[in-house]
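Here's the structure we're looking at; comments come further down.
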Amino acid sequence: MATIHVDGKDYEVDGSENLLQACLSLGLDIPYFCWHPSLGSVGSCRQCAVKQYANADDKRGRLVMSCMTPAVNDTYISIEDDEARAFRETIVEYLMTNHPHDCPVCEEGGHCHLQDMTVMTGHDRRRYRFTKRTHQNQDLGPFIAHEMNRCIACYRCVRYYKDYAGGTDLGVYGNAARVYFGREKDGVLESEFSGNLVEVCPTGVFTDKTHSERYNRKWDMQYAPSICQGCSSGCNISPGERYGELRRIENRFNGSVNQYFLCDKGRFGAGYVNRKDRPRQPQLHIENRTLTVSVDEALDQAIASLKGQNVLGIGSPRASLESNFALRELVGNDNFSTGMTQQEQQLVELAASLMQTEGIYNPNLREVEDYDAVLILGEDLTQTAPRMALSVRQSAKNKGLEMAAERKTQGWLAEPVARIAQDAKSPVYILTPVATRLSDIAEGEVVASPNDIARLGFAIAAAIKAEAMNGDISDDAKVFALEVARQLKHAKKPLIISGTSLLEPALMEAAAQIALNLGSVDGKSKAGLSLVVPEVNSMGLALMGGMPLEKAFAQSYDAVVVVENDLYRRLPAQQIKTALAKTQQIIVLDHQETPTVKKASIVLSAASFAEGDGTVVSQEGRAQRYFQVFDPAYYNPEISIKESWRWLHAIHTGIQGKPVNWTVLDDVIEAVASKVPALEGILDVAPDAGYRVHGLKIAREPRRYSGRTAMRAPISVHEPKQPVDVDSALAFSMEGYVGPQESSSLIPFAWAPGWNSPQSWNKFQDEVGGHLKAGDPGVRLFDRLPKRPARSFVAPAPLLDNDSTYRLVPVHHIFASGEMTVRTPVMQSRIPEAAFSVSRDDAARLNVQQGQRVTVKAGDTSINLPVNVVDYLPYGYVGYPVGLAPVVSLTDSIAISVDAAAVGV
Amino acid sequence: MTTHVNTEPRPIHGNGTAETHPLTWRLKHHEFLHDVDTYESLEGYAGMKKALSMTPAEVQEVVKAATVKGRGGAGFPAGIKWSLMAPNDGGPRYLICNADEMEPGTFKDRLLMEKLPHQLIEGMIIAGYTLEATQGYIFIRGEYIEAARYLNEALEQVRAKGYLGKNILDTGWNFEIHVHTGAGRYICGEETALINSLEGRRANPRTKPPFPQVAGAWGRPTIVNNVETFNNLPAILLRGPEWYINLSAHKSKDPGTKIYGVSGKVRFPGLWELPFGTTAREVIEEYAGGMREGLKLKAWLPGGASTDFLTTEHLDLPMDADSIMKAGSRLGTCLIMVVDETQCMVSLTRNLEEFFARESCGWCTPCRDGLPWSVKALSAIEHGRGKMEDITHLEQLTKNLWIGKTFCAHAPGAMEPLQSALKYFRSEFEALIPKEAESVVQISNAQQA
Amino acid sequence: MMILTDKKPRVNVEAILSAQEIHDIEHQIAHYPDPRAASLDALKIVQKRNGWVDDAQVAAIGQMLGIPAADVEGVATFYNRIYRRPVGRNVILLCDSIACFLMGAETLAEAFQKHLGIQYGQTTADGRFTLLPICCLGNCDKGPTLMINEDTHGLVGVNDIAALLEQYV
Ligand SMILES: Cc1cc2nc3c(=O)[nH]c(=O)nc-3n(C[C@H](O)[C@H](O)[C@H](O)COP(=O)(O)O)c2cc1C
Ligand code: SF4
Ligand code: FES
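Residue numbers (the working numbering), protein chains in the order written: chain S, 1 to 905; chain Y, 1 to 449; chain E, 1 to 169.
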C-alpha cells in the first residue's frame, strides 16, 4: 500500500500501479488515449499529463505523464494544476489538427473516447486553419470499416492486434504525421479477434461494419446484459437493438471471464437473430402447407396432440436451463433427452464429473492468464473456445513479466517488458491433429491423432510421477513427454487444457491425470484444469441430466417435442428419419428455420437470446443469465415469440388443466433450483425481478434514447405503453437507473457521465481493469458442489491401423462449427469452403490433388467433398469439416474413393 | 567524391602535434590514414595496447578521471555512463558507435571516419574491453558510403592483426565490430531509437528507464557513444587523464580538444580541432576566415539545428557547455552555422522546422502534430498570409513541445531555434504579417495557408 | 506423431529473390543475434535490383527473417531511403537542410525541378531521374550538397546542373 497526495488530498493506493491507473481507480478523471488497462503504458499520446511535485513543499513541480509514473508512496501530484490542464487541452487541439471533425457522420459518434476526452479537457475552439493530412482507407473485410483520416495515432490498434492478440497482418507504416495504421494492402483482417479493434480504437478509424448497414447511435439502442451463445466460454456481451433488430454486439466487461475482449464469432455472429426466415409466429404444417396460427390455436393444437400421450422431450445444449427444465417437467424425467448424442453426452458428463473431482481446480478465463506453463491436449482453442486462446496467449507473457520484475521494471511498462523478455515465453505445449493459430507461442507442438495425443498425455502424467511410461510410444515422444513433464513440474502454476472437440474422452482423462499427478501446494491443487465443451449450455445440461438421443430413439413415442435443437446436426439423417417415423406428432420450438423445424407438425416460435431470458452454464461451470434485449411485438404486434419455457409450461398446465403457475422467470428458476440440486446456485446468478436501485428498475435504454414516440408511427400513431418486463429488474425504457450498482449482472450497457465509450467500464470497476465493483457476474457451480474422490485413469490402447486404414478427425473452424454462426449472413464470406483436409503425405498416398473431389463413406453415409491438402495432419487421418458436411459417425474407419474427374489444380 | 579537408586559411591539422591535437595530428603527415600500418607507425593502436595490458576496471578509472564528455550533442560524461552499465552476467553486452550524424550542420564524424577509420576502431576496442562488451556495432548513416567502406576495410586489416576476434592480444577477451548502415531518418541518432533501428525496427525512441546500459539492444546491457567520443580514447589511454584535462585547462573546464566547424557564408567553411573553450569569434574569424565579402553576421547556431540561435553579442563566449548554456543555447555538436544579415529569419526557421517535422518519428502527439503546425504557421507568415495569433501560437508550441512534455528530445530540439528566433528576431516575423489581416473579418475557417 | 520443429507458412522465397540476394541477406542475418535486425539490410539488398522494393519482395524478406510482412512494410515505409514505388534509374537527393539552405539550396532545387520538368517526388518521363529531398548530408562545408545514387557532390551551383546530370544515363 502507498499514500499518494492528489490536489491536496491523501489517498491510499496499491502502490504497484501507475498514477493514471491509480487515479482512475479512485474515481478521479484524467484523460488518456494510448493507455489501456489490458495494454499497459507506452506514453505516446501525452494526454495524461499531471503536475508532479518533489515533496509537500515543492510548489513548482513538473509535468509528467501519469501513465508512465509509478504511484509510489508519498507521490505528490496535481491534476487540476493550470499548466497541466492547459497542456492536456493542447494535446487534444494537436490531435484535432488532422482529425476531420466528421462526428455527425462518424459511427463512433456518441460512444467516442476522443469526443469524451475532448470535452473533458475543455478544448472547444478550433484555431488550426491549415490543411489536414489525408489518407486512403482500406477494405478490411466484412467485419471492420477503416477510416484513417480519423486516426489520432495512439498506436492502440497495433499494440492490441499484434502484441496482445498475436495478429500479424496489421501494422504501422510511414513516419511523422503520416503514420498509417492498417494492413500492408487491402484484405480481410486475419485475426479471429479483429473485432476488438472497434472498441480498442478510441476514435472512428475502426468501426463495426456489420452495424454500418443499419446504423444508429449508441444512445438510440436498447440493451440488455447478455451472454454470448457462440461457444462454451460464457463471454459477457451487451447486444444493442433498434426497431426490433439486433444492431451491434459489444463487449460487456466481466473481470473473471472475457474482460475487454470478445472473439469475432461472438461480436459478429449474432445476425441469425435478424433473419427474415425465422419462425416468428406459431405454425402448423399440414401436408405441404404452412399455416400461421395464433398462440392460443397453437397451444390448443399442441395440448390436444400431447394429452394422454407418451411424449419424448428432446432438449438442447443451446437452450437455457429454464427451457430444458420446462421440457423435462412436461415429458417427465424418464422421457427427457438432453438432445446430445451418446458420444457427446458422455464427453460432457465426463468433463462435468472431472470438474467435481477432489484435487481438480478449474480456473476462470482471467485466471488462465496467470498460469506460467500450459499444456493443451487436443483442443484447437482458437476454433473451439476462442476467448480461451486469447487468455492462453497472455499466459505465455508471464515469463517476460517475471524477467522484468527481476530488473525492477513494472509490468505495466509495455515496451520495456517486451524488450527485456525478447523471445522468452512461458512454455505452452500444444498437442493437436492440426496446426493451430497458437503455434507462434508454442514451445513445443505435436501433430497426432486423438488416440496418440491421449497416450502421450498419459506418458506425461507418468513422467511427472517418474513412473514408467506406457511402452507403446516412440522414443522421441518419450523425450518430449519428459520435457513437458519437467516444465510442468518446474512451473509455479501449470495449466492443462483439454476438451470434447475431438470426441475422445481419453484426452480429458489424460489431462485430469496430469493435473492430479502435479499434486498440491499448501492444500491447493497446483495445476489448473480447464475443459472445453461444445456449446453455450452443454455444461448446464450435463448437470441437469437426461438421456442421450440414441437411447431416446431406441424407444417408441407417440409424440416428440424438440426444443431449440436441430437433430440433423447431431445424428446422420437416416437415423433421424427412422426415429421420427415412429412418432405421429413432432412439435418443434425454435427460433430458426432448421431442417428439424421443417419436419415439425407444430412449430412454436421460440425466443432467441435476444428476445428472452435464461440461464446458461459455461465450460468453467459458471452459471450466468442473459436477459431479453427487446420485445419484438412492440414493433409488430403479430409477432408472438416466447421463451421455450413459457410455451412448454403453458402446454404443460394446459394438459393438466391447471392454471399457469410460472408467471415470471423467477418462478421457473426457483423450480429448477428446487428440483435439480446441482443447479441450486442459479438462484444467485442475478437478482430477482423485484430488485430495484433507489426504487427504480434498471433502464435498458440510455438517457438520450430518442424517437420513442415516433418509431412506431408507421404502424400506429397511438403510442402504446412501453412493454413491461415482468421477468427481470430491467425496464424496456430509458426511465430507470443507469450506472454502477450492487448487481453487476444487471448492467445493460456501459455508460457514465462524461464517459460514453467502452472506456466507461472504468466507472464500474473496483480498480481499473480489475473486477466489477459488486463482483463479476456469474456463479461458479462447481465450487458449490460436493467433490468426488479422485480416480485414476489409464491410457487407451493404441489403435492398430494398417496402411490402408483411414479415419476421420474433426476439424473445427471458429465460424463454421457454430450452428448459429453459420446462419449469420455476414459470416458467409468468412466460412471456409467445405472440404476434407488431407495431409501432403496422405494426398500422395491417395493420389489426390488440391481441390479434387473424394467420396468418404462412413457407416451408412457417403459424403462427396473436395480435398484441401494441408501441411499437418496425422498419418491416415482425414479432416472432417465440422458443421459444413452432413453428420457422420467419426468413430469407425472410413472408405475413401477418389472421383475420376480431374479438377483443375 | 569525398569531403576534402579545408586547407584555408587554417588547415584542420594546423601545427598540430600528438600532444596538442590528439584527434587530427596524423593528418599533417598523411591526407588520410586508411592503412593500418601507416596508422600504427604514428602511435596507432598504442592506446589500445596499453588498455589491454590493464584490467577493464583500471581503464574505466582512466576514462572516468579524464572526465571525457560525450560528443553526440548532450555532453554526458562517458565514464559515468559506462559505470551505469549492468554488471557482467556472462550474457551478450553491446557497444554501439553512433555514427548517424544527421544533425543539420554537423559534418565532423564524416571527416573522422573517412580520414581516420582506425582511430574510431581503436577507441571502440578500448571501450569494448573496458565494458567487457561481446559485440560492437557502428551504426552509420546510409549516405556515408565512403566512410562505411573505409571502416570495413580497416576492420578487415585489424582482424588480420588479431585486434578483433577471439582472445584479442591474449587477454582472453573476444570482440567483433560490425558496420551497420542506416536507411535515413534523423531520429535514428537518438540512442534508443538507434537501438530499435539496429534491431530492424521502426526507429521510435524507447521508454527510459530502463536505460540502454541495463536493457539496450536485444534487451541486453548496451553503451552508445558518438564517433568523436571514441576517437578521444586512444590518446587518453596513451597520455593519461591529466594531460587530457590540461589540453583545455586554460580555456575551459570541459576537458580535451573538440572538433569545431563552421558552415554558412564564411570564406572558408571547414573543421578544426581546437581546445575546448575556444571562442566562436576565433573559430569564425580566424579559422573560417570570417564572413564572405560584403556580408555581416546576424546570428549563429552554436552546434547544430537543434540549438538556440545566438547573436553577435555572444561571439566572445568560450565554446564550452557552461558558457553556451548560460547564453541560453546549447553547445550541441560545436559545429557553428552562421547566418548573414540578408537572410530572412522566418524562412530560415521555417526550413528548420520543416526538417524536424519531417523527421519526427510519429510516436508522440506534440511532436507529430505540433511540428507540422509550426511549419504551416511559419510558412503562412513567410508568404504574407500570417496572422499575429500565429506568433502567439508559435510561442505556445515552444512551451508545449518542451522537455518532459514530449517523449524524446527531438521536439524540444526543434523548439530551440524557434524560441530563440522569436526572442531575438520577433520584429522580422511581425513585419511580414499583413496589417489588414487583423481587421479582416474571418468568414471561413477553410482558408488555407 | 509429428513433433514439430518448423511449421511456418511458406512464401516461395526462391521464386522472388535471386540466389545472390538470398545469400547476401543470409550473410547480413549472421551479424545479429536476431534475424529481424537484417530487415533494413535486406531491403537495401533487394532494392539494388530495380531501385525499389515491390510487395512480393517485402513478403519474401518477411519470410526469410521470420517476421510478418507488415513488420517489413512498417520498416520499409519508416525510413526514407527505401522506396516502395518505382524510381528512375538515377535518384537525385538534394540536401534541403539548413546549412545548404543558407547556401541557396532552395534556388538550386527550383532549378533542378525546372531542368528536369518534374517536382520533388517525381520521376522524369524517360525514367532517367527521380528527384527527392534529403536531410543534411553531413557535407555542410560544401553546401549546397546533393547525392546522385552513391555519389556526393558538394558546392553545386545552378549552372552546374546540366554537366552534372550528363554523367548519369
Ligand atoms: C533527435 C536526436 C538526434 C540525435 N542524433 C545524434 C547523432 O546523429 N549522432 C550522435 O552521436 N548523437 C545523436 N544524438 C544523441 C544521442 O542520443 C546520444 O546522446 C549520443 O549518441 C550519445 O553519445 P555520447 O555520449 O558519446 O555523446 C541525438 C539525440 C537526439 C535526441
Ligand atoms: S518527440 Fe515524440 S514523435 Fe518526436 S521524435 Fe521524439 S518520440 Fe518521436
Ligand atoms: S495515456 Fe499516458 S501518454 Fe498516453
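From the three backbone atoms N, C-alpha and C, an ideal C-beta is built for every residue, glycine too. Please read these numbers as outputs of a predicted model, since none were measured by experiment.
Problem - Proximal residues, the stretch 350 to 372 of chain Y versus chain S, C-beta separation under 9 angstroms - result: Hits within the stretch, in order: A357, R358, E359, S360, C361, G362, W363, C364, T365, P366, C367, R368, D369, G370, L371 and P372.
Problem - Cβ-Cβ distance between I140(Y) and A147(Y) below 8 angstroms - result: yes
Exercise for the section: Would you mind telling me which residues of chain Y sit closer than 9 angstroms to K48(E), beta carbon to beta carbon, in chain order? Expected result: The premise fails here: K48(E) is roughly 13 angstroms from chain Y at the closest Cβ pair, so nothing lies under 9 angstroms.
Handout entry: I187(Y): CB within 7 angstroms of a non-hydrogen atom of ligand 1
Key = yes
Practice task
Write down every uninterrupted run of the alpha helix (DSSP H) in the stretch 88 to 169 of chain E whose length is 4 residues or greater and which is fully enclosed by it, in chain order.
Solution key: 98 to 102, 105 to 116 and 161 to 166
Problem - Residue(s) in a DSSP beta bridge with R289(S) - result: I286(S)
Exercise for the section: Output the boundary residues of the alpha helix (DSSP H) element that contains M120(S). Expected result: M120(S): member of the alpha helix (DSSP H) spanning H113 to T121, first to last residue.
Handout entry: Inter-residue Cα distance where the pair is Q759(S) and P202(S)
Key = 9 angstroms
Practice task
Could you round the C-beta distance between A731(S) and K697(S) to whole angstroms and report it? I think they count as a contact, below 8 angstroms.
Solution key: 4 angstroms
Problem - Same chain only: Cβ atoms within 8 angstroms of R128(E), ignoring 5 sequence neighbours per side - result: G88, R89, N90, Y168 and V169
Exercise for the section: Answer yes or no: do E108(S) and H211(S) have a C-beta to C-beta separation smaller than 8 angstroms? Expected result: no
Exercise for the section: Rounded to whole angstroms, what's the CA-CA distance from C408(Y) to I91(S)? Just pull it up for me. Expected result: 16 angstroms
Practice task
Whole angstroms is fine: what's the gap from A431(Y)'s alpha carbon to Y79(E)'s?
Solution key: 38 angstroms
Practice task
Go ahead and pull the three-state DSSP assignment for H250(Y).
Solution key: coil
Exercise for the section: Determine whether the Cβ of N400(Y) lies closer than 8 angstroms to any Cβ atom of chain S. Expected result: Contact of N400(Y) with chain S is assigned, a C-beta pair being separated by under 8 angstroms.
Exercise for the section: Determine whether the Cβ of P86(E) lies closer than 8 angstroms to any Cβ atom of chain Y. Expected result: no
Practice task
Quick one: list the residues of chain E neighbouring A203(Y), beta-carbon separation under 8 angstroms, in chain order.
Solution key: In chain order, F78 and Y79 make up the part of chain E whose C-beta sits under 8 angstroms from the C-beta of A203(Y).
Handout entry: Residue from E190(S), H111(S) and E184(S) whose Cα sits closest to the Cα of F143(S)
Key = E190(S)
Practice task
Kindly indicate which three-state DSSP category I473(S) falls into: helix, strand or coil?
Solution key: coil
Practice task
Answer with yes or no whether the minimum CB distance from I16(E) to chain S is below 8 angstroms.
Solution key: no
Exercise for the section: May I ask you to list the residues that DSSP assigns as paired with G625(S)? Expected result: Note on identity: in this sequence residue 625(S) is Arg, with Gly being the wrong assignment. When DSSP reads this structure, R625(S) sits in a beta bridge with T615(S).
Handout entry: For N18(S) and A437(Y), the rounded distance between their alpha carbons
Key = Because A437(Y) sits at a pLDDT of 48, beneath the cut-off of 50, its placement in the model cannot be relied upon, and the following sentence gives the value as read from the coordinates. Rounded to whole angstroms, A437(Y) to N18(S) spans 47 angstroms at the Cα level.
Problem - Beta carbon of L321(S) nearer than 8 angstroms to that of M544(S) - result: Yes, these two residues count as a Cβ contact at 8 angstroms.
Exercise for the section: Report the three-state DSSP secondary structure of H34(Y) (helix, strand or coil). Expected result: H34(Y): coil per DSSP, three-state reduction.
Exercise for the section: Tell me whether M539(S) is buried or exposed, calling it buried when 16 or more other Cβ atoms sit within 10 Å of its Cβ. Expected result: Per the 10 Å Cβ criterion, buried.
Exercise for the section: Just the C-alpha distance for V664(S) and S498(S), rounded to the nearest angstrom, thanks. Expected result: 38 angstroms
Exercise for the section: State the Cα-Cα distance for the pair F553(S) and L327(S), rounded to the nearest angstrom. Expected result: 17 angstroms
Problem - Short CB-CB distance (under 8 angstroms) between G189(Y) and chain S - result: Taking Cβ atoms only, chain S never reaches closer than 8 angstroms to G189(Y), which makes this a no.
Problem - Reference I939(S); option with closest CA among A710(S), A843(S) and Y626(S) - result: With chain S covering 1 to 905 only, the question about residue 939(S) has no answer from this structure.
Practice task
Check whether the Cβ atoms of M734(S) and Y691(S) lie closer than 8 angstroms to each other.
Solution key: No.
Handout entry: Exposed unless 16 or more other CB atoms sit within 10 angstroms - verdict on Q136(S)
Key = exposed
Exercise for the section: Please decide whether A38(E) counts as near chain Y, where near means a Cβ-Cβ distance under 8 angstroms. Expected result: yes
Exercise for the section: Run the proximity test for F87(S): is its beta-carbon closer than 7 angstroms to any non-hydrogen atom belonging to ligand 2? Expected result: No, since every heavy atom of ligand 2 falls outside the 7 angstroms radius drawn around the Cβ of F87(S).
Problem - Interface flag, G90(Y) vs chain S, CB-CB below 8 angstroms - result: no
Handout entry: Neighbouring residues, chain Y, relative to I82(E) (Cβ below 8 angstroms)
Key = A183
Practice task
Taking 8 angstroms as the threshold, find out whether the stretch 248 to 255 of chain Y comes into contact with the stretch 39 to 51 of chain Y through three or more Cβ pairs.
Solution key: no
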